[in-house]
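Enquirer: Each residue of the sequence shown is one higher than the last, beginning at 0 in numbering that gives the first Met the number 0.
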Amino acid sequence: MHESSSDEDGIATSDLASTLKRVRGKITIIKQKRVLKSKTRAKSMVRDLDTMTNDLKSKGLAVDREKLAQRVKNRRTIGSLEEAQDKKAKDQLGISDDSDDDDEDVEVDKQLKMDEGERRGRSGESKLLGKRRRNAGSDDEMMSDDDDS
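1. DSSP on Ala88, reduced to helix/strand/coil?
2. Taking the straight line between their C-alpha atoms, what separation do you get for Leu55 and Ser37?
3. Beta carbon of Val62, beta carbon of Thr52: below 7 Å?
4. For Ser43 and Glu82, I'd like the C-alpha separation in whole angstroms.
5. Lys66: which of Ser95, Gln110, Leu48 and Lys58 sits nearest, CA to CA?
6. Using the C-alpha atoms, what's the distance from Gly59 back to Thr12?
7. From Gln110 to Gln84, what does the alpha carbon distance come to, in whole angstroms?
8. The alpha helix (DSSP H) that contains Ser43, what's its start and end?
9. May I ask you to report which of helix, strand or coil DSSP gives Thr76?
Set out below in structure tokens:
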């Protein structure tokens, strides 16, 4: 009465074995995708100088802390870049850097700026981005629209 190829529910063991094999294959594929995904993620490379030197020393490498500190990249802001540009312009013009007078400040020549802009492919005066100005008559126009209704 006991059949060797089927269970109580009428499922053959060969069908059960093939289904189990497919499920195990899918599980293996999911695990491999997870491993590959973890390897493609970007990891932070920001290190503290002290921890970096300690790690390199623990590996047995001779570390010159001063040379390593020179490789540290500091982000430069727009303000610092403009300061450096003004300083270089003052040096070339022979204006002393110590003076705080605005009279000796590097002047912006609008005509020169326009000519340079045209050579670079810009046309007209540059517009300020991010600043909106309301028209002077916009309130009057809105009030007149409400009255007409």
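Think of the CB as a built atom: it goes at the ideal place given N, C-alpha and C, for glycine as much as any other residue.
Expert: Short version:
1. helix
2. 26 Å
3. yes
4. 31 Å
5. Leu48
6. 60 Å
7. 20 Å
8. Ser43 -> no alpha helix (DSSP H), and no H or E assigned at all.
9. coil
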